[in-house]
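What the sequence shown shows, in our numbering, is residues 1 to 262, in sequence order.
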Amino acid sequence: MERKFLGIDIGSTAAKAVVLDEKGEIEQAFTVPTGWSSFEALKSIGSKLGMPMDEEHYACIATGYGRNAVAFAGKTMTEITCHAKGAMTLFGENPMNVVDVGGQDTKVITCQGKAVEEFFMNDKCSAGTGKFLEVMANRLNISLEELNELARKHTEEVKISSMCTVFAESEVISLVGQGVPRENIAYGILQSVAGKVSQMLGKLRNQDLDVYLTGGLCEAEYFQELLSDVLGRPIHSDKYARYAGALGAAVFAKEQAEKGRI
1 MERKFLGIDI GSTAAKAVVL DEKGEIEQAF TVPTGWSSFE ALKSIGSKLG
51 MPMDEEHYAC IATGYGRNAV AFAGKTMTEI TCHAKGAMTL FGENPMNVVD
101 VGGQDTKVIT CQGKAVEEFF MNDKCSAGTG KFLEVMANRL NISLEELNEL
151 ARKHTEEVKI SSMCTVFAES EVISLVGQGV PRENIAYGIL QSVAGKVSQM
201 LGKLRNQDLD VYLTGGLCEA EYFQELLSDV LGRPIHSDKY ARYAGALGAA
251 VFAKEQAEKG RI
């Protein structure tokens with residue numbers, strides 16, 4: 001039986017898996033909650049794959065902060081490398097800037113010549129990350145999906161001035177106390193994240209490249225619209241873009257397996 005090619009990306013909030021067939025086509029792509037343990041997330045992935053998770057059935061590369069939990073993986077690789085590979089697989093190998101808003105960090109990556117040219121990572125603070133949005137949504141007693149839909153209905157532009165999650169939460173509490181409509185607060189929250197992403201992109205040497213969004217927020221249409229407005233250019237994405245890290249890992253697994261390295 002031919003081995004399939006498996007990429008596993010275990011993030012702080014969600015774990016993603018992508019399976020490629022022998023032609024390199026996506027056969028499976030799914031997400032499970034990471035929960036309290038990377039090992040528990042790995043069990044959930046295993047229950048969805050349909051075949052035993054071992055070297056006989058899969059050539060596997062793991063990435064993400066929980067990558068070391070994937071004991072049977074032939075190799076582990078960094079998130080930056082795998083996200084860039086996944087983006088280039090989805091969007092082509094033309095020069096581009098990639099934005100990934102993850103659960104605990106946000107990454108901006110310049111891809112040039114089929115490789116990573118430059119990147120910046122916000123991993124010291126939850127500002128501008130999925131965790132920031134989760135905390136703010138919880139404060140408004142809504143889901144992340146509802147946050148986007150509410151923000152679209154805003155009637156006034158409210159500014160969340162602090163990018164520190166703790167202080168921003170205090171601002172939101174104050175706005176709620178003032179009777180500011182939730183949709184206006186939701187707008188301010190998303191606008192603050194779009195502003196943070198714009199600041200990070202501004203650090204890249206080549207800022208004129210097309211921008212592609214990967215990660216969980218690629219399904220948040222209104223956030224993409226806000227980010228496009230802030231940057232003054234269109235934001236591109238794809239239905240598989242949230243799986244970019246896992247996809248890149250799977251593509252690397254196929255390449256490495258064909259060279260007999262895993």
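The C-beta atom is built at its ideal place from N, Cα and C for all residues, glycine as well.
| Check | Outcome |
| --- | --- |
| Going straight from the alpha carbon of G202 to that of S192, what length do you get? | 15 Å |
| So what does DSSP say about Y210, is it helix, strand or coil? | Here the sequence assigns Asp to residue 210, which means Tyr is not the residue at that position. Of the three classes helix, strand and coil, the one that applies to D210 here is coil, per DSSP. |
| Based on DSSP bridge pairs, tell me the residues matched to V108. | V99 and F120 |
| Ends of the alpha helix (DSSP H) at L90? | E79 to F91 |
| With DSSP collapsed to three states, give me the class of G11. | coil |
| Which value, in whole angstroms, describes the spacing of the CA atoms of I80 and A15? | 16 Å |
| Contact between the region 223-236 and the region 45-63 is defined here as three or more beta-carbon pairs at a separation below 8 Å; is this criterion met? | no |
| Hey, quick one: how far does the alpha helix (DSSP H) through E149 stretch, first residue to last? | L144 to R152 |
| Inspect the beta-carbon positions of G113 and G130 and report whether they are closer than 8 Å. | no |
| Look at the Cβ atom of A241, then the Cβ atom of L213, and state whether they are nearer than 8 Å. | yes |
| Which one of V166, L140, G11 and K107 has the shortest CA to CA distance from V197? | K107 |
| List in chain order: all unbroken alpha helix (DSSP H) runs of 4+ residues lying wholly within the region 27-64. | 38-49 |
| With C-beta atoms as the reference, is G24 less than 8 Å away from K254? | yes |
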